[in-house]
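See below for the structure under consideration.
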Amino acid sequence: MDDLYRELIIDRYKNPQFRGELDPHDITFEDDNPYCGDHIRVDVRLDENNIVTEAVYSGEGCSISQASADLLIESIHGKPLDEVKALTKEDVLELLGIELGPVRLKCALLSLKVLKAGAYGLGEASDDLVT
Amino acid sequence: MTLNEQKLAALDIQKIRGDFPILNREVRSGIPLVYLDSTATSQKPLQVLSVMDDYYRRSNANIHRGIHVLAEEATGAYESARERIAAFIGAATPKEVIYTRNTTESINLVAQTWGRANLENGDVVILTEMEHHSNLVPWQILAAERNLRLEFISVTPDGLLDLESYTELLKLDPKIVAFTHMSNVLGTINPAREIIQMAHTVGALTLVDAAQSVPHIPVDVQALDCDFLAFSGHKMCGPTGVGILYGRRELLEAMPPFLGGGEMIKRVELRSFQNNELPHKFEAGTPAIAEAIGLGAAVDYLAEIGMDAIEQHEQEIIAYALERLEEIPGVKVFGPEAQYKGGVAAFTLPEAHAHDISQILDSDGVAVRAGHHCAMPLHNKFGITATARASFYLYNTEEEVNKLVDGIYKVKKIFA
Numbered sequence: 080m081d082d083l084y085r086e087l088i089i090d091r092y093k094n095p096q097f098r099g100e101l102d103p104h105d106i107t108f109e110d111d112n113p114y115c116g117d118h119i120r121v122d123v124r125l126d127e128n129n130i131v132t133e134a135v136y137s138g139e140g141c142s143i144s145q146a147s148a149d150l151l152i153e154s155i156h157g158k159p160l161d162e163v164k165a166l167t168k169e170d171v172l173e174l175l176g177i178e179l180g181p182v183r184l185k186c187a188l189l190s191l192k193v194l195k196a197g198a199y200g201l202g203e204a205s206d207d208l209v210t
Numbered sequence: 017m018t019l020n021e022q023k024l025a026a027l028d029i030q031k032i033r034g035d036f037p038i039l040n041r042e043v044r045s046g047i048p049l050v051y052l053d054s055t056a057t058s059q060k061p062l063q064v065l066s067v068m069d070d071y072y073r074r075s076n077a078n079i080h081r082g083i084h085v086l087a088e089e090a091t092g093a094y095e096s097a098r099e100r101i102a103a104f105i106g107a108a109t110p111k112e113v114i115y116t117r118n119t120t121e122s123i124n125l126v127a128q129t130w131g132r133a134n135l136e137n138g139d140v141v142i143l144t145e146m147e148h149h150s151n152l153v154p155w156q157i158l159a160a161e162r163n164l165r166l167e168f169i170s171v172t173p174d175g176l177l178d179l180e181s182y183t184e185l186l187k188l189d190p191k192i193v194a195f196t197h198m199s200n201v202l203g204t205i206n207p208a209r210e211i212i213q214m215a216h217t218v219g220a221l222t223l224v225d226a227a228q229s230v231p232h233i234p235v236d237v238q239a240l241d242c243d244f245l246a247f248s249g250h251k252m253c254g255p256t257g258v259g260i261l262y263g264r265r266e267l268l269e270a271m272p273p274f275l276g277g278g279e280m281i282k283r284v285e286l287r288s289f290q291n292n293e294l295p296h297k298f299e300a301g302t303p304a305i306a307e308a309i310g311l312g313a314a315v316d317y318l319a320e321i322g323m324d325a326i327e328q329h330e331q332e333i334i335a336y337a338l339e340r341l342e343e344i345p346g347v348k349v350f351g352p353e354a355q356y357k358g359g360v361a362a363f364t365l366p367e368a369h370a371h372d373i374s375q376i377l378d379s380d381g382v383a384v385r386a387g388h389h390c391a392m393p394l395h396n397k398f399g400i401t402a403t404a405r406a407s408f409y410l411y412n413t414e415e416e417v418n419k420l421v422d423g424i425y426k427v428k429k430i431f432a
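Here the protein sequences line up with chains U and W, keeping their order. Following our numbering, the numbering of the first sequence begins with 80 at its first residue and continues without gaps. Following our numbering, the numbering of the second sequence begins with 17 at its first residue and continues without gaps.
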């Protein structure tokens, strides 16, 4: 439990660095966690070489969902879109630095699911993106 | 002291807790379980566990068609459970008691059979804003198919049904009014008798979602005069996988069948079949036999303790819980005052999300639920996405409420 609420997570939850919305944007996507109603929207801007120049997220939810979104968005700055598409569950867990049970895993991975659905230009997000 | 007075005397909580082996466990070394999630599912007493275990060890067989000792014992136990369940809710006959999987399936059964046979273009169905998804979505599915009009009795800011809005809706000539007897989020116990009487004055039928009421307060279908009533076994000390649909006999007789298959037929030819009689007409396929027998043991257990005594105990616990929760700065409990509700306290804290509250409470062994509790429209109404919900049953104590409160202070400290 102490691990779960390590300082980094509480800090990013209370003092997020990458919250906001971008207009115009090259990529935007939003989705909910059907189990709890947590909501995340991600907006991304790319340069001519498809490198992420700016990215932010908005929405609401628990500390795990919001802190993982903040850390994930931070990590994609300067990355090519192809690398963003290739991000995995393990990448997010590494950013968070904690182990999670099946229910909280859904919270942690909501932002990745939204980001990848947007990156791939999908109509609907699917759990297949983050398994 | 008369027998009734004895039952109204305070519950012997320590004796009751002794019936539930799970309540003795530690969730982590040195941390005992404080189970405050009975609205989601209740724990099961030995009296239920042993009956089910014994069934599988001694009598396991398929029911109704075997002519051997095991089949007869299994059938006898299954049908005897139905009789005791019928008596527990005051049904006129066990034929009015249909085994289903749960409340959800019971409501779907009514929507798909009575609804399809009786509702058509433009007909009005009245629901309420405080329904669980299980009493919304089955009607939404039917409404889309039949172009029905769904209307909703509104919920007041205090978490009560607005009966004035109901009076207005009744002018629309509704065909059925389907409503929850007790909200799984607000805890509100709705005036079911009054709602049913009002529906009947305009010729509408009524369906009561009793998933939260049958486990916690005395319910008598004939006194309520309801047309349909649905509940689940697992919220009332019984197992998962078995629920009940009560329906008035003449309605059930007139309804088309639900699922087709074995058991629900009287005879079958290659291109046609004839329905079985009630209650088997609605029970296609091999049912949850051990679970039905377990539910029979659960109603025996509850009846022995007495539903009046259980209701009184929960009234005391919720009054104490609301008093303690309201002492905590920032805590907002949803729903009406204790006198209008059962043992449910859904709350928010400004500084922490419900998931985080639940997880930190869990670190001290306190099990509560976090989320929208399958009532998203109700949460939307109150402008929130999630609440933490503590709920109480016959085995909970004031000491456990104190642990909940201590845990909430811990949340506040972590998120300070």
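Heads up, the beta-carbon is just placed ideally off N, CA and C, and yes, glycines get one too.
Do U:Ala196 and U:Val163 come within 7 Å of each other at the CB atom, strictly closer than that value? Counting from one through the first sequence, the residue named residue 163 of chain U turns up at place 84. Counting from one through the first sequence, the residue named residue 196 of chain U turns up at place 117. No, the pair does not count as a contact, with Cβ atoms beyond the cut-off.
Beta-carbon contacts of U:Ser137 that lie in its chain and below 7 Å, excluding the five residues immediately before and after: For the purposes of this step, residue 137 of chain U is taken as the residue at position 58 of the first sequence. In the same chain as U:Ser137, and ignoring 5 residues on each side of it, the C-beta atoms closer than 7 Å to its own belong to Arg98, Gly99, Glu100, Arg120, in chain order.
Run through the DSSP bridge pairs and tell me what W:Val140 is partnered with. Counting from one through the second sequence, the residue named residue 140 of chain W turns up at place 124. Note: W:Val140 sits in a beta bridge opposite W:Arg165.
Within 7 Å (strictly less), CB to CB, does W:Ala402 reach chain U? The residue you call residue 402 of chain W lines up with position 386 of the second sequence. Judged by the 7 Å Cβ criterion, W:Ala402 is in contact with chain U.
Residue interval of the alpha helix (DSSP H) (run including W:Glu299): For the purposes of this step, residue 299 of chain W is taken as residue 283 along the second sequence, with counting starting at 1. Unbroken run through W:Glu299: none, as it is neither H nor E.
Cβ shell of W:Pro37 (< 7 Å), same chain only, five flanking positions each side left out: Residue numbering aside, residue 37 of chain W sits at position 21 when the second sequence is read from its first letter. So the qualifying residues of the chain are Leu62.
W:Thr116 in three-state terms, based on DSSP: By 1-based counting over the second sequence, the position of residue 116 of chain W is 100. Three-state result, W:Thr116: strand.
So with Cβ pairs under 7 Å, would you call U:Tyr136 a contact of chain W? Your numbering for residue 136 of chain U matches position 57 in the first sequence. Closer than 7 Å: no.
At least 3 beta-carbon pairs within less than 8 Å: the segment 48-55 of chain W vs the segment 404-420 of chain W: Remark: three or more beta-carbon pairs, one from each stretch, lie closer than 8 Å, so the segment 48-55 of chain W and the segment 404-420 of chain W are flagged as touching.
Taking 7 Å as the threshold (C-beta atoms), are W:Ile123 and W:Ser163 in contact? Here residue 163 of chain W refers to the residue found at position 147 when the second sequence is read from its first residue. Here residue 123 of chain W refers to the residue found at position 107 when the second sequence is read from its first residue. As written in the sequence, residue 163 of chain W is Asn, which differs from the Ser given in the question. One thing to note: W:Asn163 has its Cβ no nearer than 7 Å to the Cβ of W:Ile123.
Less than 7 Å between the beta carbons of U:Ile130 and U:Pro103, yes or no? Here residue 130 of chain U corresponds to residue number 51 of the first sequence, with the count starting at 1. Here residue 103 of chain U corresponds to residue number 24 of the first sequence, with the count starting at 1. Cβ atoms of U:Ile130 and U:Pro103: not closer than 7 Å.
Assign W:Lys429 to one of two classes, buried (16 or more other C-beta atoms within 10 Å of its C-beta) or exposed (fewer than that). For this step, residue 429 of chain W is matched to residue 413 along the second sequence. Only exposed fits W:Lys429, as fewer than 16 other CB atoms lie within 10 angstroms of its CB.
Please work out which residues of its chain come closer than 7 Å, Cβ to Cβ, to W:Asn20, disregarding the five sequence neighbours upstream and downstream, and give them in chain order. If you number the second sequence from 1, residue 20 of chain W lands on position 4. Bear in mind that the predicted position of W:Asn20 carries a pLDDT of just 48, short of 50, making it unreliable; the figure below should be weighed with that in mind. In its chain, beyond the 5 residues on either side, no residue has a beta carbon closer than 7 Å to the beta carbon of W:Asn20.
Starting from U:Leu188, trace the alpha helix (DSSP H) in both directions and tell me its first and last residue. As a first step, residue 188 of chain U must be located in the first sequence, where it is residue number 109. Per DSSP, U:Leu188 belongs to the alpha helix (DSSP H) from 181-198.
Can you tell me whether DSSP reads W:Ala77 as helix, strand or coil? Your numbering for residue 77 of chain W matches position 61 in the second sequence. DSSP places W:Ala77 outside both helix and strand once states are collapsed to three, so it counts as coil.
Between which two residues does the alpha helix (DSSP H) harbouring W:Gly92 extend? Along the second sequence, one-based indexing puts residue 92 of chain W at 76. Note, W:Gly92: alpha helix (DSSP H), 85-104.
Three CB pairs or more closer than 8 Å across the segment 188-195 of chain W and the segment 324-339 of chain W: Contact between the segment 188-195 of chain W and the segment 324-339 of chain W is absent: fewer than three C-beta pairs spanning the two stretches fall below 8 Å.
Which residues in the same chain as W:Ala304 place their Cβ atom closer than 6 Å to its Cβ, once the five residues preceding and following it in sequence are excluded? Numbered from 1 along the second sequence, position 288 holds the residue referred to as residue 304 of chain W. In its chain, beyond the 5 residues on either side, Gly257, Val258 have a beta carbon closer than 6 Å to the beta carbon of W:Ala304.
Can you find a CB in chain U that lies within less than 7 Å of the CB of W:His250? Position 234 of the second sequence, counted from the start, is the residue given in the question as residue 250 of chain W. Interface flag for W:His250 against chain U is unset, since no Cβ pair is found closer than 7 Å.
Alpha-carbon spacing of W:Asp380 relative to W:Ile424, whole angstroms: For the purposes of this step, residue 380 of chain W is taken as residue 364 along the second sequence, with counting starting at 1. For the purposes of this step, residue 424 of chain W is taken as residue 408 along the second sequence, with counting starting at 1. Cα atoms of W:Asp380 and W:Ile424: separation of roughly 11 Å, rounded to the nearest angstrom.
Would you say U:Gly116 faces chain W, with C-beta separation under 7 Å as the test? Against the first sequence, residue 116 of chain U aligns to sequence position 37. Chain W, which has a Cβ nearer than 7 Å to the Cβ of U:Gly116, makes this yes.
What first and last residue would you give for the beta strand (DSSP E) that runs through W:Val360? Here the question's residue 360 of chain W lines up with position 344 in the second sequence. Boundaries of the beta strand (DSSP E) around W:Val360: 360-364.
Is there a Cβ of chain U sitting closer than 7 Å to that of W:His388, yes or no? Stepping through the second sequence from its first residue, residue 388 of chain W is reached at position 372. Yes - at least one Cβ of chain U is within 7 Å of the one on W:His388.
Ignore the nearest five residues each way along the sequence and tell me which others in W:Tyr94's own chain have a CB closer than 7 Å to its CB. For the purposes of this step, residue 94 of chain W is taken as residue 78 along the second sequence, with counting starting at 1. Only Ile79, Ile305, Ala308, Ile309 meet the Cβ criterion.
Run through chain W and tell me which residues come within less than 9 Å of U:Gly140, C-beta to C-beta. Counting from one through the first sequence, the residue named residue 140 of chain U turns up at place 61. Per Cβ cutoff of 9 Å: His369, His371, Thr401, Ala402.
Which residues in the same chain have their Cβ closer than 6 Å to the Cβ of W:Asn137, if we skip the five residues on either side of it in sequence? If you number the second sequence from 1, residue 137 of chain W lands on position 121. These residues qualify, in order along the chain: Asn163.
Whole-angstrom C-beta distance between W:Ile373 and W:Ala354, which should lie under 8 Å: Taking the first residue of the second sequence as 1, we reach residue 354 of chain W at position 338. Taking the first residue of the second sequence as 1, we reach residue 373 of chain W at position 357. Actually they are not in contact, since the Cβ atoms of W:Ala354 and W:Ile373 sit about 21 Å apart, beyond 8 Å.
Got a sec? Which residues, its chain only, sit under 6 Å from W:Glu147 by beta carbon, not counting five neighbours each side? On the second sequence, position 131 is the one that residue 147 of chain W refers to. Taken in chain order, the residues that qualify are Thr196.
Helix, strand or coil, according to DSSP, for W:Gln22 in the structure here? For the purposes of this step, residue 22 of chain W is identified with residue 6 of the second sequence, where counting begins at 1. Bear in mind that the predicted position of W:Gln22 carries a pLDDT of just 47, short of 50, making it too unreliable to give a figure here.
Alpha carbon to alpha carbon, how far is W:Ser288 from W:Lys251? Give it in angstroms, no decimals. Locating residue 251 of chain W in the second sequence gives position 235, counting from the first residue. Locating residue 288 of chain W in the second sequence gives position 272, counting from the first residue. Note on geometry: alpha-carbon atoms of W:Lys251 and W:Ser288 lie some 39 Å from one another.
Output needed in chain order: residues of the segment 349-367 of chain W with a Cβ under 8 Å from some Cβ in chain U. Among the residues of the segment 349-367 of chain W, none has a Cβ less than 8 Å away from any Cβ of chain U.
Who pairs with U:Pro123 in a beta bridge, going by DSSP? Translated into positions along the first sequence, residue 123 of chain U becomes position 44. Note on identity: in this sequence residue 123 of chain U is Val, with Pro being the wrong assignment. For U:Val123, the pairing in a beta bridge is given by DSSP as U:Ile106, U:Ala134.
Cα separation between W:Val141 and W:Ala159? Residue 141 of chain W sits at position 125 when you count from the first residue of the second sequence. Residue 159 of chain W sits at position 143 when you count from the first residue of the second sequence. Those two C-alpha atoms are separated by around 9 Å.
Determine, using beta carbons only, whether U:Leu201 comes closer than 7 Å to chain W. In the first sequence, counting from the first residue as 1, residue 201 of chain U sits at position 122. By this cut-off, U:Leu201 is not an interface position.
Using a cut-off of 8 Å between C-beta atoms, extract the partners of W:Met146 located in chain U. Mapped onto the second sequence, residue 146 of chain W falls at position 130. The CB of W:Met146 never comes closer than 8 Å to any CB in chain U; the least such distance is about 17 Å.
Scan the segment 34-52 of chain W for residues whose Cβ lies nearer than 7 Å to a Cβ of chain U and list them as they occur along the chain. The segment 34-52 of chain W vs chain U, Cβ under 7 Å: nothing.
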